[in-house]
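Participant:
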Amino acid sequence: MHRTPFFRLFLLALCLAAGPLSAQTPPASLLAPAAWQLDGGSQWQGGHLQVAASPEDRVVHTATRPVTLPAGASWRASVTLAAVQPEATDATLGLTLHGADGTVIAVLLRPRERDLVVSRAIQQKWIGPLLRRVPAPSLAGDAGAPHTLVVDSQGSRLTVSVDGQEVGRSEVYDLEPVRIGVRSSRGQALVQALTLEATGVDERLARLSGARALPGAVVLLQEGFQTKRSAAGAAKAVTGLFGKLLGKGDDGAQAGASDDAWGDNWADDGSRFERDTGRKRLVLEGLRDETAAWTVPASRFPLDYAGTAVTARVRVQGRGEDHRAGVMLQGRPSATAKQAEGRALLTAMWGENTLWLHEYDAAKDKWQLLRSVPWPADGAAEITLRLVTSDDKAWVFVDGRLVAHHANVEPLRVGGGGLRAEGRTRLEASSFVISEI
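Numbering of the sequence shown is given in the working numbering, commencing with residue 10 and proceeding in unit increments.
1) Whole angstroms is fine: what's the gap from V176's alpha carbon to A413's?
2) Name the two residues that bound the continuous beta strand (DSSP E) containing R333.
3) Between L366 and R380, how many whole angstroms is the CB-CB distance? I'm expecting something under 8 Å.
4) Report yes if the CB atom of T105 is closer than 9 Å to the CB atom of V200, and no otherwise.
5) D400: buried (16+ other C-beta within 10 angstroms of its C-beta) or exposed?
6) Look at the alpha carbon of V319 and the alpha carbon of G219, and state the distance between them as a whole number of angstroms.
7) Just to confirm, are P331 and G432 a CB contact at a threshold of 9 Å?
8) Pick out whichever of W135, A438, S193 has its Cα sitting closest to the Cα of T304.
9) So A215 is in the alpha helix (DSSP H); what residue range does that whole segment cover?
10) Do the stretch 361 to 378 and the stretch 170 to 188 make contact, defined as three or more Cβ pairs closer than 8 Å?
11) Helix or strand or just coil, what does DSSP make of P42?
12) With R290 as the anchor, note down where its beta strand (DSSP E) starts and where it stops.
13) Name the DSSP beta bridge partners of D370, please?
14) For V60, which of T73, P146, V171, V68 has the nearest alpha-carbon?
15) Between which residues of its own chain and R429 is the CB-CB distance below 6 Å, once the five residues before and five after are set aside?
16) I need the DSSP call for L167, collapsed to helix, strand or coil.
17) Whose CA, out of V191, R119, A86, lies closest to the CA of F51?
18) With distance defined between alpha-carbon atoms, name the residue in A371, Q326, A321 nearest to R341.
19) For a test of the three-state rule: what should DSSP assign to L78, helix, strand or coil?
20) Quick one: Cα of A264 to Cα of E212, how far?
21) DSSP beta-bridge partners for D161?
22) How is the beta strand (DSSP E) around P146 delimited, first residue to last?
23) Just how far apart, CA to CA, sit Q163 and G424?
24) Might you give, ordered along the chain, the residues of its own chain that have their beta carbon closer than 6 Å to the beta carbon of A416, omitting 5 neighbours on each side?
25) Hey, A37 and L102 are a contact pair by Cβ (cut 8 Å); roughly how many whole angstroms apart?
26) In the DSSP output, what is W135 paired with across the bridge?
27) Given a threshold of 16 other Cβ atoms within 10 Å of its Cβ, counted over all protein chains shown, does Q46 qualify as buried or as exposed?
28) How many angstroms separate the CA atom of R221 from the CA atom of G56?
29) Do V68 and Q133 have their C-beta atoms closer together than 9 Å?
30) Taking the alpha carbon of D387 as the point to measure from, which residue in S444, W404, G327 has its own alpha carbon closest?
31) So the beta strand (DSSP E) R192 belongs to, where does it begin and stop?
32) R410 by DSSP, collapsed to three states: which one?
33) Roughly how many angstroms separate the alpha carbons of E445 and Q339, rounded to a whole number?
34) Given this structure, state the Cα-to-Cα distance separating A82 from S280, to the nearest angstrom.
35) Under the assumption that L125 contacts V171 (Cβ atoms under 8 Å), give the Cβ distance between them as a whole number of angstroms.
36) Where do the ends of the beta strand (DSSP E) carrying G432 lie?
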């Protein structure tokens, strides 16, 4: 077919209007004044944000705003900013990235010293650098010139670039920002552009959250809400592998979840437990303010797993002060310990609009609070609560989103998992799974 010059020109115009096929919509700017919380003298100047100085020794944020990322996402944060008073020694300016558990990562430029520092804070206390004084040659020249700082999260590792040049990588760290901010000290910063975008899936967080299963990972126990008559067959189908691993016949297989598996191992007359196969609910209820109720299905874990998770879909309803309930992982018993409280424990519980991560040291007979995270929620709503431990680390996820992480847990040789309730609290679980990660 013969095409006139006008027709060819028309096609070219359409192609130019459409742009390249590989082009993507640029991330939207976060400099929308209505979403920001400003204090300490920070203010807007037209479309730019001027951030006042924060005290160096305190985690004070004079400009922050909430952000939303998909659960388990890799992400990229980018800011273009300039020092307003760059002549001060040790003047810093840059990004702050805030996790749900109160963790803050601060990625800061020092224009006069021509370097960069990455520091971490938890619960309003600086706890040390992730990267300290990394040279950034692009900062040479005018100390008040604008620079673009980019922080990439890939595989739970932070990569930092300044003006398009990579200058450093941090240690592996689990962070899903729920707020983003700008920090300046010994001067002020003028922010010209700020974006945050999801760039893919963080495979490590996806595996920890349960969104992606590790090939070959084993489901150790799954509540199927069978009756006594059908539970034996289900147990054989789901967990018959364990008998083979132990070199035993069918009698050696780990018991499936059944009425008998959830034995009389909860607290005392101050609590009750019901396995309601009709409604497909596990119900654990504390009847007194001082009650600490728990239940763990019979289990046998013959292998030392790299990591273990307990996941339950729960509803928690409190009837008094200091109420909380959730899931727990327990260590294997010592030669003398026969009860659950004689074993090391990790618990993740919700109550009083807070998520709690506790560790129980059986040798010292002592509970320790590892994390408490504000988590407002409707007590009538269900949440999927997941507690994971591997080596000396623990993670808590709610509905697939990381909300708490602790990197100094006593290593736990997991021997079982269960439910726990404290105070006058009713816990209902519509699913319950213990799995390898």
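Yeah, the Cβ is synthetic: ideal placement off N, Cα and C, and Gly gets one too.
Facilitator: Short version:
1) 29 Å
2) 333 to 340
3) 4 Å
4) no
5) exposed
6) 10 Å
7) Per the sequence shown, the amino acid found at residue 331 is Asp instead of Pro. Result yes, Cβ atoms of D331 and G432 sit closer than 9 Å.
8) A438
9) 212 to 218
10) no
11) helix
12) 290 to 295
13) K375
14) T73
15) W303, M337, T356
16) strand
17) The question names Phe, yet the displayed sequence has Ser at residue 51. That would be V191, whose Cα lies nearest to the Cα of S51.
18) A371
19) coil
20) In this prediction, A264 scores a pLDDT of 37, lower than 50, which makes its location untrustworthy; the coordinate-derived value is nonetheless stated afterwards. Their backbone Cα atoms lie some 32 Å apart in a straight line.
21) R85, T168
22) That residue, P146, is in no beta strand (DSSP E); it is neither H nor E in DSSP.
23) 33 Å
24) K402
25) Rounded, the Cβ-Cβ distance is 23 Å, inconsistent with contact.
26) A130
27) exposed
28) 41 Å
29) yes
30) G327
31) 188 to 194
32) strand
33) 14 Å
34) 40 Å
35) 7 Å
36) Element bounds for G432: n/a, residue is neither H nor E.
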